[in-house]
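Here the structure comes first, spelled out in structure tokens, and everything after it is commentary.
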Amino acid sequence: MDRAHFRRIFLENCARRSRTLQSGSTKAGSGVRGKKKPVDKEPVEIARIAAENTEQAALFVWRVAGLVRQPLSARRVRAISERIYTILQHELALTVSYDEEQRELGRQGREWSSKTRLAYAAHPHYRVWEVDYAAHNPHPLEIGVWMESFYAMLPQRITEYHSRVISLPFLLAWADRELDFVIHPWQDGCGRHATAMVLWLARVLGSETLPLFGWKEEHYRAIKTIEGHTGYFARCLEMPLA
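Counting from 1, one number per residue, gives the positions in the sequence shown under the UniProt record's numbering.
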């Protein structure tokens, strides 16, 4: 697989899945409970910035996946994941817009910590609201725990794949579903981030084929169950890029 082909699949998948790339929209979807705030830019400008960021993310993912040495550590997975998010959200990050919500979460986190002796803290880029869309809808203060669990589990899943315990479609579907449907951690860009992580994972695994996604509606119909999403990814891995 060459870089040009990887780039084409990366950009196409992000475009098919992302409202931000399609229309420049960063407004909350119907499953959001709370106060997600749109980026204070015109939709055309948002779409332009998102497209440029996606180009940069495709290049980063190609390069970093080629340098990965296995076995991967949870710490390394987390660093790559957070770097991908930073690239995708360059000039679109909304942290400053949520100062009040972050302060309230900080207060709540200290209260929880005093009662449980566990550390609770709000990540500056994790959502500060609840979403009906997420399968488990972890509280904003618990997203960090869920993400650390994902980062720890992914290397184990890779080992299972190499041991032929699980298939490539299952592994890619599991990673995509955990990030975008089970946890849905970020303030914005969960779909683009999950897409980038899936393609990074496929390259790390040495797959000669990449999944070519269907359009957004098909993707999110399948994601509701791991069985449905695994079947969807099996079809995506067989889809040629015209």
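Glycine included, each C-beta is placed from N, C-alpha and C at the ideal position.
Take Arg177 as the anchor and find which of Arg19, Val198, Arg203 has the nearest alpha-carbon.
The candidate whose alpha carbon is nearest that of Arg177 is Val198.
Which residues in the same chain have their Cβ closer than 6 Å to the Cβ of Trp146, if we skip the five residues on either side of it in sequence?
In chain order, Pro138, Ile183 place their CB closer than 6 Å to the CB of Trp146, counting only its own chain and leaving out the 5 sequence neighbours on each side.
Sheet register partners of Trp186 (DSSP bridge)
The secondary-structure analysis by DSSP pairs Trp186 across a beta bridge with Tyr126.
Supposed close pair Lys224, Arg17 - CB separation, criterion 8 Å
Rounded to the nearest angstrom, the Cβ distance from Lys224 to Arg17 is 15 Å, too far for a contact under 8 Å.
Selected residue, minimal CA-CA separation from Met153, among Tyr85, Ala74, Arg83:
Relative to the Cα of Met153, the nearest Cα in the group Tyr85, Ala74, Arg83 belongs to Ala74.
In or out: His123 buried (at least 16 other Cβ within 10 Å) or exposed?
That one is buried.
Could you tell me which of Val204, Thr230, Pro155, Ala196 sits nearest to Arg8, measuring between CA atoms?
For the residues Val204, Thr230, Pro155, Ala196, the minimum Cα distance to Arg8 belongs to Ala196.
So, helix, strand or coil for Val145, using DSSP?
The three-state secondary structure of Val145, taken from DSSP, is helix.
Relative to the C-alpha of Phe213, which residue among Ser207, Gly191, Val204, Arg203 is closest?
Nearest of Ser207, Gly191, Val204, Arg203 to Phe213, Cα basis: Gly191.
Say whether the stretch 199-206 touches the stretch 60-74, bearing in mind that this needs 3 or more beta-carbon pairs closer than 8 Å, one atom from each stretch.
Yes: the two stretches touch, three or more of their Cβ pairs being nearer than 8 Å.
Under a three-way DSSP split, which group does Val44 fall into?
Annotated three-state conformation of Val44 is helix, per DSSP.
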